[in-house]
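First comes the structure, then the notes that go with it.
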Amino acid sequence: MSVGIEHFLTVGALLFCLGLAIALSKRNAIGVLMGVELMLNAVNLTLITFSRFAVSERPITGQAFAVFIITVAAAEAAVALALAVSVYRNRETVDVDQLNLLRS
Amino acid sequence: MTGVIKSEPFVINIGPQHPSTHGVFRIRATVDGEKVVDAEMVMGYLHRSMEKLAEERTYTQNIPFTDRTDYLSSMSNNLGYCLAAEKLAGIEVPARGDAIRVIMAELQRLASHCMAVGAFANDTGAWQTPVMWCFREREKILDIFEVTSGARLTCNYMRIGGVAFDLRPAFEPMVRKVLADLPPFIEEMEQLLTGNEIFVSRTRGIGVLSPELATNASLSGPMLRGSGIAWDLRKADPYCGYEQYDFDIPIGYQGDSYDRFIVRLEEMRQSVKIIQQALDGLPSGPFRTEVPLALRPQKGEAYARIESPRGELGYYLVSDEGPAPYRFHIRPPSFINLSALKEMTVGGTVADAIVVLGSIDIVVGEIDR
Amino acid sequence: MDGFGVTVAFWILAAVTLVAGGGVMVSRNLLHAVLFLILSFIGVAGFFVLLSAEFIAMAQVIIYVGAITVLILFAVLLTPRASRDNSETVWALPGMLLAVCLAAIFLFVVHDTQWKTVTDAPLLTTQDLGHALLGTWVLPFEIASVLLTAALVGAIMLTRSAEEEAEDALA
Amino acid sequence: MTTFLATDNWYDLRDLANLSREILEAADKILPFGVVYVLAAVIGFVASFLIFVLPSQLFVGVYGERKLIGRIQSRYGPNRVGPFGLLQPIADAIKLMQKEALTPTRSDRLVMYVAPIFFVAPAVLLFAVIPFGPNMVFADIPVSLMYFLAISSLPVLANFMAGWSANNKYSLFGAIRIVAMTISYETPLVMSLLGAVVISSTLSLQGMVLWADEYKIWLGLVQPLALVIYFICVSAELNRTPTDIAEAESEIVAGYLTEYSGMKWGLFYGMDIGYALAASAFAATVFLGGWTLFGLEKWVPPWIIFIGKTHLFYALFIWTRGTLPRLRSDQLMAFAWKFLLPLALFNLFIVVTERMIWSEEGYDKAYIYLFAIFNILVSGLLVFAWARFNGYRPDDVPTRPRLVKEARGYVPLGENE
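Residue numbers (the working numbering), protein chains in the order written: chain V, 1 to 104; chain C, 1001 to 1369; chain G, 2001 to 2171; chain H, 3001 to 3417.
Written out as structure tokens, the structure is:
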């Protein structure tokens, strides 16, 4: 038995779609954020997989890119959670359906 | 994190079973995050209806009850009650009796303040070390009580007209040893706690009690003195011949928990000074005026007050010429001091509330009687 | 990647990661969802170890498990009990359909492509990663650090209450 | 790596790894492929637990702590069970097992049961990268320092699960406090360790020990400030007094452990010690030279030196626990962000500059000693200066109250006494 690039990519793809489903369907803003985090993780997994398997002159690039994604994810999580808390303070809800102030 | 969001305040019950309520006392604290927005005191878990029971017993039989109100300073409670009964019956106490009473009351103050300081340090989170050191010193004083009265905690030593027994020969060397040991111990406690940045930051500016509030809430004892008010019944209304001893009243700066703590430490020093003087000038002679066991004072009422370790301890007695008091009332200092708790805790955190409660130095047996 | 150990590790990790991801989807309680999310993150970190990217794996655990989920937990705790459910909106069905379609496309791409792969893992050390980050990619690296600082400041500004701002305005 | 080791014989007590290597090589010949890895893992964990973790937990973590704190508090400590009370930890464990494990009615049962397990597992994993001796490191991965940091950020989640699932307000308080505290203290912790990494230019724990052996100086001497910050941060993350706000006994009863009893509580208690031991072992490895002791490791088994250093560092935790009061939670946060983090950054600047100078000078060994002296002096100065800058004025705090002769009511401040 052996595992190859397809296996890892499959896991990455499934995880990404799972994250997408969560991000699209959840009512709670924090739930949406969790979905986004899962998607970013899936992307990272894919990047690392390519860095490990792909024929490349500089395979380290994949890892470097993953570092950037982790950084951005951290920043995104901090700001998104701050937004959630701030929205809750002003609107007393974190339900994304009820955040419809811009709807006429 | 308070103020970040509109959080709903919720109620936590600090007590009646809580490590820091010093007995079965309960604070219903409404907290918003860590911040206390309201505090309600609930007491009565240790109510034993002593004041009513005392109306069924003779004046002498009531002395053991007073032991059990403030169980950390039974000698002071004995003294307060006996003074009230003597005032009611017009009994004079011989000079030796007075001197012994002073020594005992001051030793009791030392023991009680040891406990107060140690438990206070425990409330700030110093894990048991200060309280154990204080217990070590308190133990020596309790040994003296045991030698003198036969009991360590509930001494039942004072009698109407004097004290129960004369001093034992072992008494004086033991007291001298305690007097020699205590000042270095107080120094040690100062090094451990007042010189400790964490302790200072935990207590300074916490539970500030303004002089106006302290007076208006009729607080007494170290609580009042911590707020910068020089008031001590031993000076203001001397009893047992306190006027002949030379001592100072320690007063605090801004009325916070830290001030109350250093006032207590300094009071221990002053007590050592008083005991020294009383022991050096201990008169000989009788230690008790003979009083009939079934005392029947003439009709009337009497209120006697002393400076107990916790503040003004008053006993109010009404006689209807029967063998038992018609009315027996205690003015417990802890109970009155506790009334300022809400003002001191609201606005602080839960941790501050615990520190403030520790700095009041309550004894639940006295609050609930 | 051959070998019994690697294969077993892969299937276990895949199961853990995907099942935990599904747990995030189906759990009714938001805090349970967060706990599943943690499990999923740990599974992904395991994949990174399997792909001989130890540094990224450790960074993943430190940042995702140690920091981001803790932040999420904090946000969950700061919102009241009533809004801690994890239910779906009316967009659940379209969203899931879209996800399934996307998954089908992805799987088709993954399995239909003839990947040119290396057999042995390239020798990548943490030192190489450091050289790459501070050599080739130094500009993005600096921008990322600026982004982090901006996020920090922004997060603080967003969560300040009106009273705090009033206090600062006075001072 | 181990050129100075006298022999490679399996009976050489100075390196117990020889024995396990012999066993594994022999096993490899007869057993099917892959099983030997499992065997190696079992041997590694069992050995490290039998030699180090369990005895240390019982006799240093429980008995030693109680005895030492007892002496600090001028009492005897445990002295009833067995000779000198040595069997006390075992009696404690038996008592805990007999107790009923209660679960509150409206608690989240599953999470409440899983939390102790989730707490124990990382503690076991932590010891995998600790080098007990020249060969005695179970998983010698190149990023073992990061591995340690990563794994040690997991137990906070278990603590949170425990506190949240119990459906108790005190538990929730403890949970919120520990989450907030861990976020705050992780940052200066990593920043301080970065100093050690920069000067030794390795992320491997074994590499740090070898660095200390090569330059004949402990990293703790070159990086005194980092050592102090590490100690403070780690005691905060481990919930040790003076920073045990998450289970502050006098405030929130037992914090996140309020509703736990029996062996479920025992797991938390035991593994708290396990984490403290792991943190001590980590500090001994990074800052105190690990299993080396200036040549003595040639004569004494290195693992004994290492365990001695670990326990010495652990004694520091006990000492602070017996001495210091607890900080309030907001003070603790402010301490991390306003005091420790800037100091860690200063330290990082200094050490990076030193590293630059050092590389200019061709990594001359003599410079390290110069840096050590410089850093010790500068660290002391820096701590004092930063404290003053943050408003530390110990002389402004009165230690004695004012004294008044007469009972004359309110005495305003400044009035003559």
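Idealized CB from N, CA, C, for every residue including glycine.
Next item on the list: Would you check if the distance between the CB atom of Met1268 of chain C and the CB atom of Cys1155 of chain C is smaller than 8 Å?
Entry: Using a Cβ distance threshold of 8 Å, Met1268 of chain C and Cys1155 of chain C do not count as a contacting pair.
Could you tell me the alpha carbon to alpha carbon distance between Met3435 of chain H and Ala3166 of chain H, rounded to whole angstroms? Past the edges of chain H, shown from 3001 to 3417, lies residue 3435 of chain H, and the structure says nothing about it.
Identify the residues that DSSP records as bridge partners of His1329 of chain C: which are they? In DSSP, His1329 of chain C forms a bridge with C:Tyr1316.
Can you pull the DSSP bridge partners for Gly1041 of chain C?
Residue 1041 of chain C is actually Met in this sequence, not Gly. Answer by DSSP bridge pairing, in chain order: C:Ile1027.
Which residue from H:Arg3080, H:Cys3233, H:Ser3192 puts its Cα closest to that of Tyr3063 of chain H?
Comparing Cα positions, the closest option is H:Arg3080.
**Request:** Using the Cα positions of Val3 of chain V and Leu3221 of chain H, report the straight-line distance between them to the nearest angstrom.
**Result:** Using only the alpha carbons, I get a separation of about 48 Å.
Handout entry: Met39 of chain V: contacting residues in chain G (beta-carbon distance under 7 Å)
Key = Counting only Cβ-Cβ distances below 7 Å, Met39 of chain V has no contacts in chain G at all, with the closest Cβ about 10 Å away.
Met1115 of chain C versus C:Thr1030, C:Ile1367, C:Ile1330, C:Ile1362, residue with shortest Cα-Cα distance: Ranking the options by Cα distance to Met1115 of chain C, first place goes to C:Ile1362.
Can you check whether the CB of Phe3052 of chain H is closer than 8 Å to the CB of Phe3138 of chain H? Judged by beta-carbon spacing, Phe3052 of chain H lies beyond the 8 Å limit of Phe3138 of chain H, meaning their Cβ atoms are not closer than that value.
- prompt: Who are the neighbours of Glu6 of chain V on chain G, taking C-beta pairs under 9 Å?
  reply: Those within 9 Å of Glu6 of chain V in chain G are Val2110, His2111, Thr2113, Trp2115.
Is Glu3186 of chain H buried or exposed, if buried means 16 or more other CB atoms sit within 10 Å of its CB?
Burial state of Glu3186 of chain H is buried, judged by a 10 Å Cβ sphere holding 16 or more other Cβ atoms.
Check: Relative to the alpha-carbon of Val3114 of chain H, which residue among H:Val3190, H:Tyr3170, H:Gly3163 has its alpha-carbon at the smallest distance?
Finding: When C-alpha distances from Val3114 of chain H are compared across H:Val3190, H:Tyr3170, H:Gly3163, the shortest belongs to H:Gly3163.
Cross-strand partners of Thr1349 of chain C (DSSP beta bridge): Answer is C:Lys1035, bridged to Thr1349 of chain C.
* Taking Asp2128 of chain G as the query, report the chain V residues whose CB atoms sit under 7 Å from its CB, ordered along the chain. => Result: Ile60.
Count the other C-beta atoms from every protein chain shown that fall within 10 angstroms of the C-beta of Pro3302 of chain H, then say buried if there are 16 or more, exposed otherwise. Answer is buried; the Cβ neighbour count reaches 16.
> Mind checking if Val3179 of chain H is an interface residue toward chain G, Cβ cutoff 8 Å exclusive?
Replying inline: With 8 Å as the cut-off, Val3179 of chain H counts as an interface residue toward chain G.
Close Cβ partners of Cys3233 of chain H (< 6 Å) along its chain, the five nearest in sequence each way excluded
Tyr3185, Pro3188, Leu3189, listed in sequence order.
### Message
Give the list of continuous alpha helix (DSSP H) stretches no shorter than 4 residues that lie fully inside the region 1050 to 1106 of chain C.
### Response
Unbroken alpha helix (DSSP H) runs of no fewer than 4 residues, entirely contained in the region 1050 to 1106 of chain C, are found at 1050 to 1053, 1063 to 1067, 1074 to 1089, following chain order.
Practice problem: Output yes if chain G places a C-beta closer than 8 Å to the C-beta of Val3143 of chain H; else output no. | Solution: Chain G contact via Cβ: present.
**Asked** Any Cβ of chain V within less than 8 Å of the Cβ of Ile2063 of chain G?
**Response** Between Ile2063 of chain G and chain V, the shortest Cβ-Cβ separation is below 8 Å.
Measure from the C-beta of Val2070 of chain G to each C-beta in chain H and report whether the shortest distance is under 8 Å.
-> Among the CB atoms of chain H, one or more fall inside 8 Å of the CB of Val2070 of chain G.
Could you tell me the distance, in whole angstroms, from the CA atom of Asn1196 of chain C to the CA atom of Thr3323 of chain H?
The straight-line gap separating the alpha-carbon atoms of Asn1196 of chain C and Thr3323 of chain H is approximately 10 Å.
Span of the alpha helix (DSSP H), counted from its first residue to its last, around Ser3235 of chain H: For Ser3235 of chain H, the enclosing alpha helix (DSSP H) has its first and last residue at 3224 to 3237.
| Helix, strand or coil for Gly1311 of chain C per DSSP? | Of the three classes helix, strand and coil, the one that applies to Gly1311 of chain C here is strand, per DSSP.
Where the beta strand (DSSP E) containing Pro1250 of chain C begins and where it ends
Where Pro1250 of chain C is concerned, the enclosing beta strand (DSSP E) stretches over 1249 to 1251.
Check: Residue range of the alpha helix (DSSP H) that Arg1369 of chain C falls in?
Finding: Run containing Arg1369 of chain C: none; DSSP gives neither H nor E here.
Measure the alpha-carbon distance for Tyr1253 of chain C versus Arg3400 of chain H and round it to whole angstroms. Rounded to the nearest whole angstrom, the C-alpha separation of Tyr1253 of chain C and Arg3400 of chain H is 10 Å.
Q.
Measuring straight from C-alpha to C-alpha, what distance separates Arg1176 of chain C and Phe1328 of chain C?
A. For Arg1176 of chain C and Phe1328 of chain C, the distance between alpha carbons rounds to 37 Å.
Point to revise | Environment of Gln3206 of chain H [buried if 16+ CB atoms lie within 10 Å] | key: Buried.
Under a CB-based cut-off of 8 Å, is Thr2017 of chain G close to chain H?
No, its Cβ sits nowhere closer than 8 Å to a Cβ of chain H.
| query | Are the Cβ atoms of Ser3230 of chain H and Leu3193 of chain H separated by less than 8 Å? | reply | In the sequence as displayed, the identity of residue 3230 of chain H is Tyr instead of Ser. Leu3193 of chain H is positioned such that its CB atom lies closer than 8 Å to that of Tyr3230 of chain H.
Practice item. For Ala1304 of chain C, write down the residues that DSSP places opposite it in a beta bridge. Key: Note: Ala1304 of chain C sits in a beta bridge opposite C:Tyr1315.
Residue-level contact to chain G via CB, Thr3285 of chain H, 8 Å cutoff = Not closer than 8 Å to any Cβ of chain G, the Cβ of Thr3285 of chain H fails to qualify, so no.
Helix, strand or coil at Arg3074 of chain H [DSSP, three-state]:
The sequence shown places Ser at residue 3074 of chain H, rather than the Arg named in the question. Ser3074 of chain H: coil per DSSP, three-state reduction.
Under three-state DSSP, which class holds Leu3403 of chain H?
Three-state DSSP puts Leu3403 of chain H in a strand.
Worksheet entry | Backbone secondary structure at Ser3184 of chain H - three-state DSSP | In the structure shown, Ser3184 of chain H sits in a helix (DSSP, three-state: H, G or I).
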